[in-house]
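To start, the structure under review is shown below, and the notes come after it.
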Amino acid sequence: MAGVRRRDAELRRRTPPRSAQEFRTPEYSSEQKVSGGNRQLNWVVITIGSITVDKGAGAYGAAKAAVATWNIDLAAELGPEGITANIVSPGYIGDTEFFRDILTDERRDAMIESTSTKRAGTPEDIAAAVFFLASSGARQITGQVLAVNGGERTSR
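Set out below in structure tokens:
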């Protein structure tokens, strides 16, 4: 387990501030044996991105784009250890402090109208995406950006 703890400390040093909540040193029970006897860790790295990466939003968008690029490298590096790394990228999420009541009614309506769902996202929408990526159902999903934006920005 000493190697795992050293790895945990290395991950903490390499993680940009505020890009991941916390890496925890796993207990032995959180490890699983896979074919070939290799030990795999049941860890995930989930970072919150932003739709602004695709929309051009100055320094904020550039910073979120840098995190997305970092995620690709992190997924490749940690994948062999069974650790996935993904980003949840929200669009407009109502009922949060992000916009701090600076949106006019017209701007808010326009943002909602630009979605396919014709509604603002909710914090629960983001939590559900994070929950999925942390679940065993997402063990083969890594290096991805999951857009939770009501279809405002689509991908292929």
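According to the numbering used here, the stretch in the sequence shown is residues 297 to 452, in order.
The C-beta atom is built at its ideal place from N, Cα and C for all residues, glycine as well.
Residues near residue i in its chain [Cβ-Cβ closer than 7 Å; skip 5 each side]
| i | result |
| --- | --- |
| P376 | none |
| I368 | G439 |
| S412 | G446 and G447 |
| S331 | Confidence is the limiting factor: at S331 the pLDDT is only 45, short of 50, which leaves the residue's position unreliable, though a coordinate-based value still follows. Result list for S331: empty, nothing under 7 Å. |
| Q317 | Only weak support is given to the placement of Q317: the predicted model assigns it a pLDDT of 41, under 50, and the question is left unresolved by the model. |
| M407 | Y388 |
| T392 | P419 |
Alpha carbon of residue i to alpha carbon of residue j, nearest angstrom
| i | j | result |
| --- | --- | --- |
| V363 | N338 | 22 Å |
| S432 | T380 | 11 Å |
| G446 | R415 | 7 Å |
| I422 | V341 | 15 Å |
| S410 | F427 | 26 Å |
| L370 | L442 | 16 Å |
| L374 | T365 | 15 Å |
| G378 | A372 | 10 Å |
| I398 | S451 | 29 Å |
| F395 | R404 | 10 Å |
First through last residue of the beta strand (DSSP E) which encompasses residue i
| i | result |
| --- | --- |
| P419 | Element bounds for P419: not the beta strand (DSSP E) but the alpha helix (DSSP H), P419 to A430. |
| T343 | V340 to I344 |
| T348 | Not the beta strand (DSSP E): T348 falls in the alpha helix (DSSP H), residues T348 to K351. |
Opening and closing residue of the alpha helix (DSSP H) in which residue i lies
| i | result |
| --- | --- |
| N445 | It is not in any alpha helix (DSSP H) - N445 carries neither H nor E in the DSSP assignment. |
| A381 | Segment T380 to P386 is the beta strand (DSSP E) holding A381; no alpha helix (DSSP H) there. |
| T365 | G354 to L374 |
| I408 | D401 to E409 |
Close Cβ partners of residue i (< 8 Å) along its chain, the five nearest in sequence each way excluded
| i | result |
| --- | --- |
| S346 | A353, Y356, G357, K360, S385 and P386 |
Test item: CB-CB of residue i and residue j under 8 Å
| i | j | result |
| --- | --- | --- |
| T418 | I389 | yes |
| A430 | V444 | no |
| I437 | N382 | yes |
| D350 | R449 | yes |
Close Cβ partners of residue i (< 6 Å) along its chain, the five nearest in sequence each way excluded
| i | result |
| --- | --- |
| G333 | In this predicted model, G333 has a pLDDT of only 47, less than 50, meaning its place in the structure is not dependable; the value taken from the coordinates is given anyway. Excluding positions up to five away in sequence, the list is empty. |
| D401 | none |
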